[in-house]
Amino acid sequence: MARSETLAARVTCPGRGAFQLSNAPPGTGYQPIQHDQQALGDDDMATVEETRRSDSADRARDPQVYHPLDRLRGTIRRYILIEGAISAFLFVAAWFVLGLVLDFVLFKVSGWDWALDASRGIRTFALVTALALFAAFLVFRIVTRLTKEFSYPALALVLERKFPKLLGDRLITAVEMADVESMGKFGYSKEMIRVTIAEARERVGQVPVREVFDWRRLWVMGFLALGLLVGTVAVAFASHAVATKAVSPYRFGWKFAHVTGIFLERNVALANTPWPRRAHLELVGFPEGEATVSRDVATVPVTVRAYKWVVADSGARQGWRPMLWSDVTEGLVGRKAPELDFEALRFADEPVGSLPKGASEWTVDSVERRVFVPADAPDESLPPEAAAHRASLRENLGEKFNEVQEVFKALSAKADQPSMGRTLRKLELTRWVTKTDKDGVAERDDNGQTFKVEVPVEVSFKYAGAKFRGGGTLTPKQNSEFSGEVGGLKEDVEFVVKADDFATQERRIRLIPPPTLKRLYRIQEEPAYLHHAPPADVGFDYLKGKRQVVVEKNLSLTGERSVFVVPAGTQVLLLADAYTDDKGELSDNDAIVSAVAVPVVGKFPGAKFGDDGKMTQTPVPLQVTEGGKGFSLMFRNLWDDMGPFSQAAVSVLKGAYPDKDARPSVDFRLKDPVEFKVTFTNKYNVSTTRSILIQVTQDQPPVVEAGVDVIRKSGNVYLVTPVARIPFNPDSFIKDDHGLSKVEFQFNYYAEDSDVVRGVRTKYALRSLLDAPGAGPRFLPALLLPRLHADNFRQLDTASERLNASAHVGEFVRQDRKLRRETKERVGALLKTPTANEANPEAVVKVELKTGDDIFDLKFLDDEKIIKILAPPGEVQPTYRMDLYIQATDNNADADGGPRVTRSSEPIRLRIVSEGELLLEISKEEEQLGTRLDEALVKLAAAKRKYDFVRNSNGFKDETPEQVDAVKVRHQDIFQDVEKARDIVSTVLREFRRIHRECEVNRVIEVTTNNYLRYCGRLEGILSEDPQASVAFPKTLNLMNNVQNVLNTGRWAPLAAVSDSEQSLWALEQLLAEIRKEIGESQNKEFLIKSIKKIKDDQLLVEAQIEKLKRDVEGILLSDKPKLGPIGAVALAKNEAKKLSHTINWAKYKEDDLTVKVTASDPSITVPAELKLNFEANQFRFEYEVKAGAKEGTYKITLSPAVGDPVEVTVTVK
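In this note's numbering, the protein residues as written are 3 to 1216.
Structure follows, in structure tokens:
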């Protein structure tokens, strides 16, 4: 029986070699055995699970059968160990190569350094993952396989599969049925079993156990791992050669060692060691962490500095930092760096003391830039300034200059050593690029070679936010610096600055809303005179320096500029409140930490001034409210806040040295426009700037617009009588923007000499010129003649006899008396109470001279003895000249120099003549008016002659168009002649009315005035529109118009209408002729009388003037007493002070000094007790001050000289 049949056994190896005994008899104690096998090598080895054996089976082992199996088990373990070691080496090599690619190569390609740019957790996870994989490999690939027990059946199966021809199924049968006796109990043939075992014993000894494994596979794995490393090194070497353009195994070796060391530090030790960069940048002046910028500006300036010399520093984030001069040690470069006087390195344009003092504060780059002499920059190639600086360095540093040169040469040599790659590096700050034209095309020389130029390394920036990202390039500047702006930001961003493979640490730019104001308002104090009239018993001087508190006023926050207007002299406290929410809480964005003001225009408190005396725009700090709730700024007069000692210090020697008075420098009341910019900043250094313009309304001086009415003008003077009441044009007015304190007539007058007397004066004055001085010493006394000539003119000039006087304007006095005046106590209380009134209701703002009382009454002034121009009864009326002004004073008590005064721009020049002389001038005009009436009569006579043609043609000739048109045209001429006559009469009437009014205001005798009134009545009658008037121009024109209307229709007019019209014309001419005759007769008679009277008066006046001149000359030549000149009456307001001026003629008074006592008729008038006059100081005039009190009335001031006649001055107080 065959063995397979005898054993009825079947061995199957599905898949990886599953072994099973499937036909074991039941009850034999054998269970089906499942072996999971894994090929050893190429399906030559299997890993078999351990199976149970009976103790009897173990005891029945045949050594010859089992010995090869034991050898196989040992070989399997050695194979597993060798394969595991090679696999582990291959794993590490692959990890190293992959790690270099993902770390170093990725950094070189993208610049991303995961040691710096990624979190440490990523590297930790990568390392843990690699270690876990490696551990899993060791456990499952080696440890697990080594610790498993390989069963004999499994080993036998491996050998049978490897050597099927030699062993067949015998070995597995021998192993499984080694216990023959036991197998026999189950019905198996013991003999057959023994035969099978014997065959197995015989053949297993021939098995080559080592050939069971694929040892070539291990060699392939080993070469693969070694090739991976060698290939990596080869690729790295080639890359290094290409990059450096040189083949240097020595340099590559150090480079590879540095890269490997850094790689292991980063990825095994998890150190934050960065890859070395080709550049090194540091931000200059950029805040650490984040920069805050106003959301409205959204632009951040960026400046970086590139460094050439850097040293490794584990404490620096980049692993490198700029090399300091203190880093240059003997141990590093082989020689000690000299100790330098760093002040000697200062450039000419740098301030003294601006440079760092210690070596640890100087970078090697800075020292190199200032001291080192490059080979390509000898002294002769430098510009003059640089050459001078280098010469200065040689002189100041001496031998140290050369030592520094050697140090830098040693540094360069040291940095060139590859072994220093992780200690000291010299970076390139420039690069070579191809020169291109404006179109970007490379420029080439004649040989076709491109031009290379050296340019600074390109430095750029990039930023990114949640929605937006961008970037730009920084512009190269001096000292290896690059600058630019990160602008156009719309959100918070992170930004970095890059150069080559270097990138700065990410910095955050945070957009902060600028601080805003909730309220901007002002509290101001305005000059008191703008709001109040002075109390009843004082004048406007009482309000000087006092101020009225005004209610708070908000300023507009719309736009970027706030503008408000204040009156001149106002003190302002400007207050700003930071924005708060509805709960009153103040956010960090709006809390103000600082505020400054930059003056632009005007006087600003705290402003700085330059050497030229002009105000600079240096920011002035403002006071910030506690807690950042706002800020404030005050414009006020600091003089009021000073104590006596401070005031004395500010006003140095006032009076003796007026130019030393510094009081205006502390007066910051608003007198002129002020413009400034306020910048307030929050804790994030984000600012808001608001321009503030304070417009100042100046108190304008009064405006006087006045002109006379009615009175006669002859040349440039007005003719009036001594008793005239001079009216003003109804459009005349005096006004002031804030109020008037006084309005007065001011005038001066003097007696006018006749032509004869003027000739006498001239001859006397020129008499001294007849004795012209000759030459020689004996003529020296004659040199005094020019002085005598000048004195003659001065003493005989009637201008010196001008009397100045003043009088109140009645309308102003009436308005002023209506003002409500409070007590001093009440005014003081009102000044402290805030008011909303912008205008003073208690002020006389405008005076209009419209009423009949608004006149300048010469008779009243003469009656009140303010002037003296009216001749006594029976005497000839002298002629006077008077210049009349209207002078207004405003109520600006705070103005420098006192209230402002305005007088009419041109005087009203009056020539005061006798009534006869005035009437004589009127008669001349009256004659001209009579001539005008004659012209009207001529027009009427011509109309009468033309009417003959109308009368003879109308109705008596054929009613043809030609005939009717001829009559119509002639009748139109007649109508126009009558209209012209009417217009002439109307003009004459208007002039006679003016003459009548002129006679009234000049107070001419009643008969003459009534005559002109009668003329006016007659002329008004002939021009009357009254339909009941029998003869008048309107009636005649109406009748003629009826005739004209019919003729215009092309028909003859009714004969009755023509007749009525002609009769009316005749009657009109007759009446006008009668009026003309009446005026002519009166004119001729009165003109003759007035002419004879004027001749007589002139003769008497000349006689009186000559007599007066004689007395004056004799008094000047013979008098030994000085003479004080009189002045006219003076009008003063209550509490007003005014300087009065008198002339003085010392005549032949022997003394040089004169005492004049001054007394007033009432104690309310304040005058100096006496005046001390000196000939040198008061040769022609002297002045003194008079001050009125609170009492109204007319008073006398008497000036009594020690020698000579006293003089009285009339003072009127209202």
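Ideal placement from N, C-alpha and C gives every residue a C-beta, glycine not left out.
Closest Cα partner of residue i within the set the options
i, options, result
"Leu1", "Tyr949, Val1006, Arg947 and Ala944", "Residue coverage of the chain in this structure runs from 3 to 1216, which leaves residue 1 outside it and unanswerable."
"Arg549", "Leu1156, Ala831 and Ser250", "Ala831"
"Ala412", "Asn404, Gly113, Val335 and Val1158", "Val335"
"Thr1214", "Ala1133, Leu860 and Gly486", "Ala1133"
"Lys848", "Leu326, Asp733, Tyr949 and Gly876", "Asp733"
"Asp343", "Asp351, Lys1189 and Lys359", "Lys359"
"Thr837", "Gln889, Val552, Asp892 and Asp865", "Val552"
"Asp329", "Thr1161, Leu872 and Thr425", "Thr425"
"Pro1170", "Glu877, Leu1142 and Arg996", "Leu1142"
"Gly812", "Ala841, Ile736 and Glu840", "Ile736"
"Asp119", "Ala505, Glu754 and Glu746", "Ala505"
"Lys852", "Arg219, Pro729, Gly233 and Glu554", "Pro729"
"Pro901", "Tyr1014, Gln879 and Asp701", "Asp701"
"Met617", "Arg521, Asn893 and Gly608", "Gly608"
"Glu267", "Leu129, Tyr887 and Thr891", "Leu129"
"Glu707", "Asp674, Ala271 and Ala890", "Ala890"
"Lys867", "Phe958, Thr1196, Ser596 and Pro601", "Thr1196"
"Asp960", "Asp583, Ala1055 and Gln1181", "Ala1055"
"Phe142", "Ile82, Arg348 and Ala117", "Ile82"
"Asn731", "Pro724, Val725, His740 and Val712", "Val712"
Residue(s) in a DSSP beta bridge with residue i
i, result
"Trp641", "Note: Trp641 sits in no beta bridge, so no partner."
"Phe484", "Val306 and Pro478"
"Tyr949", "None, per the DSSP bridge assignment."
"Gln697", "Val567"
"Gly467", "Val495"
"Gly1195", "Val1215"
"Gly237", "Position check: residue 237 holds Val in this sequence, whereas Gly was assumed. Looking at the DSSP assignment, Val237 forms no beta bridge with any residue, so it has no partner."
"Gly473", "Lys464"
"Val600", "Lys679"
Residue i, DSSP secondary structure in three states
i, result
"Ala774", "Because Ala774 sits at a pLDDT of 49, beneath the cut-off of 50, its placement in the model cannot be relied upon, and the point is left open."
"Arg319", "coil"
"Gly43", "Bear in mind that the predicted position of Gly43 carries a pLDDT of just 42, short of 50, making it too unreliable to give a figure here."
"Ala505", "strand"
"Glu267", "helix"
"Ile1129", "coil"
"Leu787", "With a pLDDT of only 49 at Leu787, under the threshold of 50, the placement of this residue in the model should not be trusted, and no figure is reported."
"Met617", "strand"
"Ala26", "Confidence at Ala26 is low in this model, with a pLDDT of 37, below 50, so its placement is unreliable and the value that follows should be read with caution. Coil at Ala26, not helix or strand."
"Thr1214", "strand"
"His998", "helix"
"Trp434", "strand"
"Gln33", "Residue placement at Gln33 is flagged as unreliable, the pLDDT there being 34, under the threshold of 50; the coordinate-derived value follows with that caveat. Note: Gln33 maps to coil in three-state DSSP."
"Asp856", "coil"
"Val1045", "helix"
"Thr825", "coil"
"Gly632", "strand"
Contact check, residue i vs residue j, beta carbons under 8 Å
i, j, result
"Ala1059", "Asn1040", "no"
"Asp613", "Phe749", "no"
"Leu476", "Phe484", "yes"
"Pro536", "Pro569", "no"
"Val1219", "Arg934", "The chain is shown from 3 up to 1216; residue 1219 falls before or after that span and cannot be answered."
"Phe606", "Arg638", "no"
"Thr1168", "Thr1200", "no"
Checklist line | Every unbroken beta strand (DSSP E) inside the stretch 864-899 [3 residues or more] | finding: Runs of the beta strand (DSSP E) spanning 3 or more residues and lying entirely within the stretch 864-899 occur at 882-892, in chain order.
Check: Counting only runs that start and end within the stretch 720-753, where is the beta strand (DSSP E) found for 3 or more residues in a row?
Finding: 727-729 and 735-753
Checklist line | Start-end ranges of the beta strand (DSSP E) lying completely within the stretch 369-431, minimum 3 residues | finding: Segments of the beta strand (DSSP E) lying fully in the stretch 369-431: 426-428.
Checklist line | Every unbroken alpha helix (DSSP H) inside the stretch 1165-1190 [4 residues or more] | finding: none
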